[in-house]
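So the number in the working numbering is just where the residue sits in the sequence shown, counting from 1, plus 36.
Each residue gets a CB set at the ideal place from its N, CA and C atoms; glycine is no exception.
Because the structure is a prediction, the values reported are computed rather than measured.
Here the structure comes first, spelled out in structure tokens, and everything after it is commentary.
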Amino acid sequence: MAQLSDDCFAFGGPMMSVDEAVGLITTRVNAIADIETVALVEGDGRVLAGDVAAPLPLPPFTNSAVDGYAVRNADLPASAEQAFSLDGRIQAGGLAQTPIKPGHTVRIFTGAPMPPDAETVFMQEDVRVDASGRIVLPPGLKRGANVRPAGEDIPQGHVALRAGQRLRPQHVALAAAFGLTRLDVVRRIRVAVFSTGDELASPGEPRAASQLYDSNRFMLLAMLRRLGCEVSDLGILRDERTSLASGLKQVAGSHDLVLTTGGVSTGEEDHVKAAVESIGSLVLWRMAIKPGRPVAMGIIDGTPLIGLPGNPVASFVTFVHVVRPTVLALSGALPEPLLPIPVRAAFAYKKKAGRREYVRASLRRAQDGGLEAVKFPREGAGLLSSLVETDGLVELGEDVTNVEPGQDVGFLPYASLI
Ligand code: AMP
Ligand code: MG
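Next comes the structure, spelled out in structure tokens:
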């Protein structure tokens, strides 16, 4: 486990910006050093544990990029077309044993190794065969055209994959192109997830008239799994300090991160703060973010705890800005800043300066072909429909106070967040 000191999440100011929160997390959270070796495809979504240098050049040998005819550079027709006698045929997987004869051409196919001394390939669409069966090549082709030199993609020895890379299918493909069969990855981050609240019932269990089904826990479990975590679903803790404390204490030692939702406001029935303080340390981060509210950051037996707000949209947004960077830091992943894409606002909006706001919005194609963000008509942080019926979040920075229709804004698609 990555042991942290009790005061590692302490923060001096009254309000914390999103950037300050991410900065604090990335500098304070220690990466897990445990490594496991997995089969290539199992590497997808995992964090690479060490650099991978190319054990061979890519492509491994010089080959033709097209179906066509290979010639020596010395024989390239300069100003008029020229007829060549055919001297052999090489297909992909084949091998040219002998050098190409001067004044001759070799029939060659995409991916086939170039014959010795041949340097250029004519595309078959650009040549014709004359009455005596000779291959007529046009003038003006550049030397080396339609050839892929060995190592043009990646030279041998080049560090092609970096430690901390979160692997995607293209990274798996590169490892396979190197002939690797296994990859060293950081072991999955173990996260314990609890909901808190007397008003919650688990789906599948009886629900009293004053209760609602717990939805956040399943959202958080699903988000964590998308981040490659091994999750423990630990159900619902009641709004009572001692049972909260003993529930949290029990799992801290066997997990890398404890995640809770609900009970972190400052109401009398918000018991997470007191519970964590009785068994570890806790600070409430007042983040300058909407939707948000305080996020609890604690340490129990050296293990970090994050207490997210209970309102589903606040829980979602704070997960993205606090839990996501924490999981990335725990797994030693390279930082993955969220980069909003520019779209046009199809709405007007006013906000306070000094805090960042996220507006749930759908994208549509405007008449001129550009993308427009249409704001969800209602704003409550409890509206799950607002997350379901939109495509992502418009990010309005700390300096923004006013948005007019037609103005450029940054948009984060949900798919880019998690
Ligand atoms: P809290 O942060 O505990 O004050 O909760 C704020 C609001 O979010 C309340 O209306 C709760 O009922 C609701 N809430 C808290 N936890 C969950 C949950 N796990 N799933 C759905 N709603 C929740
Ligand atoms: Mg509550």
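- Going by C-alpha positions, residue 253 is about 16 Å away from residue 283.
- For residue 415, the Cβ stays outside the 7 Å cut-off from all heavy atoms of ligand 1.
- Scanning 342, 64 and 454 for the CA closest to the CA of residue 356 turns up 454.
- Taking 4 residues as the minimum length, the alpha helix (DSSP H) runs contained wholly in the region 256–308 are 277–288, in order along the chain.
- When C-alpha distances from residue 247 are compared across 121, 236 and 231, the shortest belongs to 236.
- Counting only the Cα atoms, residue 197 lies some 17 Å from residue 72.
- A Cβ-Cβ contact shorter than 8 Å links residue 339 with residue 294.
- Taking C-beta atoms as the reference points, residue 346 and residue 416 fail to come closer than 8 Å.
- Annotation for residue 275 indicates a beta carbon within 7 Å of some heavy atom of ligand 2.
- By the CB criterion at 8 Å, residue 200 and residue 90 fall outside the cutoff.
- Every alpha helix (DSSP H) stretch that sits fully inside the region 382–450 and reaches 4 residues is listed by chain position as 420–424.
- Residue nearest to residue 168 within the set 175, 187, 158 and 121 is 121 (criterion: CA-CA distance).
- Between the region 106–123 and the region 174–184, the count of Cβ pairs shorter than 8 Å is three or higher; the stretches touch.
- For residue 78, the three-state secondary structure derived from DSSP is helix.
- By the Cβ criterion, the region 430–444 is not in contact with the region 348–366, since fewer than three pairs of Cβ atoms, one from each stretch, lie closer than 8 Å.
- Taking the Cα positions, residue 127 is about 24 Å away from residue 190.
- Counting only the Cα atoms, residue 63 lies some 20 Å from residue 227.
- As DSSP reads the structure, residue 143 sits in a beta bridge with 105 and 125.
- Under the three-state reduction of DSSP output, residue 68 falls in the coil class, being neither helix nor strand.
- The beta carbon of residue 241 sits no closer than 7 Å to any heavy atom of ligand 1.
- Residues close to ligand 1 by the beta carbon criterion (under 7 Å to any non-hydrogen atom) are, from first to last along the chain, 231, 232, 233, 235, 236, 248, 250, 251, 252, 253, 297, 298, 299, 300, 301, 303, 306, 345, 346, 347, 348 and 418.
- With 16 or more other Cβ atoms from the protein chains shown falling within 10 Å of its own Cβ, residue 411 counts as buried.
- Between the alpha carbons of residue 210 and residue 66 lies a gap of roughly 29 Å.
- Three or more beta-carbon pairs separated by less than 8 Å link the region 204–223 to the region 83–97, which places the two stretches in contact.
- One alpha carbon belongs to residue 277, the other to residue 307, and they sit about 6 Å apart.
- For residue 332, the enclosing beta strand (DSSP E) covers residues 331–336.
- When secondary structure is reduced to three states using DSSP, residue 363 falls in the helix class.
- As computed with DSSP, residue 221 is found in a beta bridge with 72 and 84.
- In this structure, residue 320 keeps its C-beta atom at 8 Å or more from the C-beta atom of residue 312.
- Between residue 219 and residue 84 the beta-carbon gap is near 7 Å, inside 8 Å, which marks them as a contact.
- Nearest Cα to residue 322 within the set 300, 336 and 314: 300.
- Each of 421, 425 and 378 was checked against the Cα of residue 448, and the nearest Cα belongs to 378.
- Non-local beta-carbon contacts of residue 281 in its own chain, meaning distances under 6 Å to residues more than five positions away in sequence, involve 311, 314 and 315 in chain order.
- Residue 146 holds the alpha-carbon nearest to the alpha-carbon of residue 97 among 158, 74, 421 and 146.
- Bounds of the beta strand (DSSP E) holding residue 344 are 339–344.
- Counting the other Cβ atoms within 10 Å of the Cβ of residue 388 gives fewer than 16, which makes it exposed.
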